[in-house]
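Notes to accompany the following structure.
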Amino acid sequence: MTTDLKNHRQYYHDSDLEKALNRVDFFRIFHTMALRYGFDHFGILLLGNEGDACTLTNRLALHDLPSGLADAYDKRHRFGDSSVFKSLHASSIPSIWKADDPHPGHGGNLLGQLGFDMLMCVPVAGINGARYVVLFLGDGADMDRQAHFALCYDAVCAFDYFYRLVLSNKAGLGLTPRETEILRWISHGKTASEIALIVSVSEHTVNSHTATILKKLDVVNRTQMVAKAIREQIIQ
């Protein structure tokens, strides 16, 4: 990887990125990056399609938000209705939001709902074209132009490494084509008996596949299974 990228320009996090191997390493890199630029937290969010029903929890690929904050938000609000979400689908230009900014249209005030004063969004993409956004949240002062540009570049570089070393390598998480097919039907709300008819197997076989999927994804129920599958891009 170093050879492939030797002509690319990286700056502050060069050595950390070259040594990074897993989610823990990238968690530290993005967390340090957020603090360095005056933010308290970061999040890497799979943007998905604008028309998809989505929650904040099942879109977060990596984050250091306070424990339970995303779940609490999802119980009261719909992320797809927020002005930030709509803006990210309307433009790929990095943006800075303040809690007291006017919110266009009928979109919800994501910052006010989460309890932060400032949010910076850096749209990024995986090498397969999947759209993500790196979020930085906090209660600090506004950024100057130079810091804004520097953080955008650092975030793009770090995400590129994170995607290629972690996200793309986890695609599928060992699921077979039949397991992936069953998982996709589960995400559409189909019952085991309905899936059995659709894929022409017994209901017992569907339940057996479902149990295997739960084990491979390391989750305990169908809701967590679908959320993780979306987050890891196994299904859309």
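For what it's worth, the numbering used here labels the leading residue of the sequence shown as 72, then goes sequentially.
All residues carry an ideal CB built from backbone N, CA and C; glycine is no exception.
Keep in mind the model is a prediction, meaning the values are calculated, not measured.
### Message
Can you check which of these residues, Leu116, Asn278, Ile167 and Arg99, is closest to Met214 by C-alpha distance?
### Response
The residue with the shortest Cα to Cα distance from Met214 is Ile167.
#### Entry: Buried or exposed (CB count within 10 angstroms, at least 16 for buried), Glu89
If you draw a 10 Å sphere on the C-beta of Glu89, you find fewer than 16 other C-beta atoms in it, and that means exposed.
### Query
With respect to 6 Å, is the separation between the Cβ of His280 and the closest non-hydrogen atom of the ligand NAD below this value?
Judged by which ligands are present, the structure shown has none, so any question about the ligand NAD falls away.
### Query
Asp289: buried (16+ other C-beta within 10 angstroms of its C-beta) or exposed?
By the neighbour-count definition (other C-beta atoms within 10 Å, threshold 16), Asp289 is an exposed residue.
### Query
Which term fits Gly245, buried or exposed, when burial requires 16 or more other beta carbons within 10 angstroms of its beta carbon?
Counting every other CB atom within 10 Å of its CB across the protein chains shown gives Gly245 a total below 16, marking it as exposed.
### Query
Just the Cα atoms here: how many angstroms apart are Leu181 and Asp142?
In this structure, the CA atom of Leu181 is about 14 Å from the CA atom of Asp142.
### Task
Could you check if Pro194 is buried or exposed, using at least 16 other CB atoms within 10 Å of its CB as the buried criterion?
Under this definition Pro194 is a buried residue.
### Exposure of Tyr119, with buried meaning 16 or more beta-carbon neighbours within 10 Å
In the sequence under discussion, the amino acid at residue 119 is Gly, which differs from the Tyr named in the question. Answer is buried; the Cβ neighbour count reaches 16.
### Task
Leaving out five residues on either side along the sequence, give the residues of the same chain with a beta carbon under 7 Å from the beta carbon of Met72.
Bear in mind that the predicted position of Met72 carries a pLDDT of just 47, short of 50, making it unreliable; the figure below should be weighed with that in mind. For Met72, where only same-chain residues beyond five positions count, there are no Cβ hits under 7 Å.
#### Entry: Rounded separation between Gln295 and Pro173 - CA only
Separation of Gln295 and Pro173 (C-alpha to C-alpha, rounded to the nearest whole angstrom) is 35 Å.
### Message
Can you give me the C-alpha to C-alpha distance between Ile115 and Cys228, rounded to a whole angstrom?
### Response
The alpha-carbon separation between Ile115 and Cys228 amounts to approximately 13 Å.
#### Entry: In chain order, each alpha helix (DSSP H) run of at least 4 residues that lies wholly inside the region 136-204
Correct list: 140-147, 154-161 and 181-185.
### Query
Is DSSP giving Ala212 helix, strand or coil here?
In the structure shown, Ala212 sits in coil (DSSP, three-state: anything other than H, G, I, E or B).
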